[in-house]
Amino acid sequence: MDINRVAGCNFTLGVMSDDFVDVILGALKEVDQTKVWSQTDDVSTVVRGRYSHVFDVVKAIYSHAAHTGKHVTMSGTFGIGCNKDNDAEPYLNEDDVRLNEARSSEFDIDAGCKFAIYAVGIEKYGEIIASEVKLAEEEVEVTPDHFTTRLDGKVNNIFLAMENAFKRVQEKAPHTKITFTISSNSPSNQSE
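Going by full-length UniProt numbering, the first residue of the sequence shown is number 1, and it counts up by one from there.
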């Protein structure tokens, strides 16, 4: 596959707090998005460009919001191989330097995540997906779940596992998607 394809992520950030607007807008403001095309509306944010920069920006936005200590969730879809993504093509010319990695890697945040990989347009996709789930065990705790796989660990490691899976699958599949929901600081996980 041509690795110089436009990738993207459409996500919704949820903050269970009265000051959710400040947390969301603060996270968006803290993150350098100059190497991606982005658009936010009343439902979600879309980020498009090189997959490495898309993952960098999405992880950074989530990390900044979760770093507040508020219960934060993000649900979204990473994708590559979609038609008509021409207006984001100029962002493919950006260099490899991740503008947010240094800062977001400083955050030490626990999270749980459920994700699913879709390798569209290839045979034996089940074997590829199973292999990627197995490889995720190198970064995080992996638990099979209904229709998804659960990843538990640090936010940085969870996003690394998803990005590594995305990178490897998109090299084989003309159209690759990962759906995910990640949660940090949930009161359900706090001991009484």
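For every residue, glycine included, the Cβ atom is placed at its ideal position computed from N, Cα and C.
In terms of CA proximity to T149, A136 leads the group A119, A136 and N93. Residue state for N156 is assigned as helix, using DSSP reduced to three classes. Here L160 has E139 as same chain residues with Cβ atoms under 7 angstroms from its own Cβ, once five neighbours each way along the sequence are excluded. Here the region 56-65 lies against the region 92-106, with 3 or more beta-carbon pairs under 8 angstroms apart. Rounded to whole angstroms, L28 and T34 show a C-alpha spacing of 12 angstroms. T143 counts as exposed, since fewer than 16 other C-beta atoms from the protein chains shown sit within 10 angstroms of its C-beta. Annotated as distal: C9 and F107, with beta-carbon spacing of 8 angstroms or more. Contact between V47 and V36 holds: CB atoms are separated by about 5 angstroms, below the 8 angstroms threshold. Here G49 really is in contact with E94; their C-beta atoms are around 7 angstroms apart, less than 8 angstroms.
For I129, same chain residues with a beta-carbon under 6 angstroms away, outside a window of 5 residues either side, are I117 in chain order. CA-CA distance, A60 to K134, rounds to 25 angstroms. DSSP places P144 in the strand class (E or B) of the three-state scheme. Boundaries of the alpha helix (DSSP H) harbouring R103: E101 to S104, taken from the DSSP string. The DSSP assignment places 37-40 and 45-49 as complete runs of the beta strand (DSSP E) inside the region 12-70, in order along the chain (cut-off: 3 residues).
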